[in-house]
Amino acid sequence: MDRLGKILPRVLAKQKGSALLEIRARLLFAEIVGPALAGQCEQLLLRGTVLTVVTQNPALAHQLRLDTGQVLERLNGAGLGRRIRELRVRLGRGPVS
18 MDRLGKILPR VLAKQKGSAL LEIRARLLFA EIVGPALAGQ CEQLLLRGTV
68 LTVVTQNPAL AHQLRLDTGQ VLERLNGAGL GRRIRELRVR LGRGPVS
């Protein structure tokens, strides 16, 4: 039996709509940075071509800023369905306004 983590990305890749793209971006982000670091992110929000990540961890925020190019390259190379041009990292908690 296939694991849900292997099946779900294929199903979501076939779907259209910004909400599903955001879910796909979240799954890919967690795959790229790993589940432990992704779990420290309060929020991931995809708006247009900008992915905003909110974390309370200053070290993680700093590292994500340093690795922005690599993260974007891997996200865009995974066939997300939309090219992400900018990764914004915000230190804090709660919803992005």
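Numbered as in our numbering, the sequence shown ends at 114 without a single skipped number.
In this text, a Cβ means the ideal position worked out from N, Cα and C, and glycines have one as well.
Here the structure is a predicted model, which means the values were calculated and not measured.
Per-residue burial, residue i [other beta carbons within 10 Å of its own, 16 or more giving buried]
i, result
"residue 101", "buried"
"residue 53", "exposed"
"residue 78", "buried"
"residue 63", "buried"
"residue 61", "buried"
"residue 81", "buried"
"residue 158", "Any answer about residue 158 is impossible in this case: the structure gives the chain only from 18 up to 114."
"residue 92", "buried"
"residue 45", "buried"
"residue 97", "buried"
Other residues of its chain near residue i: CB distance less than 8 Å, five sequence neighbours each side excluded
i, result
"residue 105", "67, 68, 69, 70"
"residue 75", "108"
"residue 23", "none"
"residue 88", "46, 49, 50, 81, 104"
Limits of the beta strand (DSSP E) - the one that residue i falls within
i, result
"residue 77", "Taken as a continuous stretch (DSSP letters only), residue 77 belongs to no beta strand (DSSP E), being part of the alpha helix (DSSP H) at 75-83."
Host alpha helix (DSSP H) of residue i (start-end)
i, result
"residue 38", "35-50"
Residue i - partner residues in DSSP beta bridges
i, result
"residue 68", "63, 104"
Nonlocal neighbours in the same chain, by C-beta distance under 6 Å from residue i, ignoring five residues either side
i, result
"residue 73", "110"
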